[in-house]
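Residue numbers for the sequence shown follow numbering that gives the first Met the number 0, so the first one is 0 and each next one is one higher. No residue lacks a Cβ here, since even glycine has one placed at the ideal position from N, Cα and C. The block underneath contains the structure these notes are about, expressed in structure tokens.
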Amino acid sequence: MESKRQWIYEKIAHPQKYQDLPHPPGKELVSGESALYLGRQYRIEVIKTGLVQIQFAQRFFIPATRGKKRKEALRKWYIGKAREKIIPRAESRAHELGVPVSGIKIVDNRFRWGSCTLKNNVNFNWRLIKAPMFVIDYVIVHELAHLIEANHTPRFWNIIRAQAPTMEKAKAWLKEHGQLLEQEI
Ligand SMILES: [Zn+2]
């Protein structure tokens, strides 16, 4: 049974992952550009003096560090927000589902939005924090449901449908906009 489960996990093709397309040319992290957060674009203001960390208040205020450092700072900000928003949400959804989750992590995984392990750990791609909450919620429920049902069976999709009523909308959003989440800003 254990080896069969392993095989099933390895064969799971996560349908929430979009088709890999070549990236369009990246935006520059300068004033007047915008960056995604929870499904919305917010204007960027690069601040030349007096700001040490990124601040967010319906706009991104970003210290004017040189070159790659500015993008690295934004990446770290996203990872921090992903931990702050996604982990507690996943904990409460796990509790509602009665799923014995042993650990929830935010990871840098370019190939999946979420994943789960045989030891009941679930991982979420930090880039999800750029997506709307209903999309994040769907990915959370999707991974947690795998701890109940390993494969994408009708029983699996019934669990998702009951727990994430906006499943179809979320899947469509990821298919259409997934590529946006991969861009640096
Ligand atoms: Zn799956």
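Measure how close the beta-carbons of residue i and residue j come, nearest whole angstrom, since I'm counting them as under 8 Å.
i	j	result
LEU73	ILE184	6 Å
LEU96	VAL121	Contact doesn't hold; Cβ gap of about 11 Å is too wide.
TYR137	THR116	In fact, because the Cβ distance is near 20 Å, the residues do not count as touching under 8 Å.
HIS228	ILE159	One cannot answer for residue 228 here, as it falls past the ends of the chain, which runs 0 to 184.
LEU180	ALA130	6 Å
Please go through the same chain and pick out, in chain order, the residues whose beta-carbon is closer than 7 Å to the beta-carbon of residue i, but skip the five residues on each side of it.
i	result
LYS47	ALA63
TYR41	SER33, ALA34, GLN57, ARG58 and PHE59
Beta-carbon within less than 6 Å of residue i's beta-carbon, same chain only, minus the 5 sequence neighbours each way: which residues are those?
i	result
ALA89	ILE103 and ILE139
TRP172	VAL134
ALA169	PHE133, VAL134 and TYR137
LYS70	LEU28 and GLU183
ILE78	TRP125
TRP76	ILE53
On the DSSP bridge list, what partners appear for residue i?
i	result
SER101	In the DSSP output, where bridge partners are listed per residue, SER101 has none listed.
SER114	ASN122
LEU35	GLN40
VAL106	ASN124
Short of 8 Å in beta carbon distance, which residues of its chain neighbour residue i, apart from the five on each side in sequence? Order them along the chain.
i	result
GLU44	SER30, ARG58, PHE59, PHE60 and ILE61
Which whole runs of the alpha helix (DSSP H) in the stretch 40-98 are 4 residues long or more, in chain order? With a minimum length of 4 residues, the continuous alpha helix (DSSP H) runs that stay inside the stretch 40-98 are 67-96.
List, from N- to C-terminal side, the beta strand (DSSP E) runs of 3 residues or more that fit wholly inside the stretch 126-176. none
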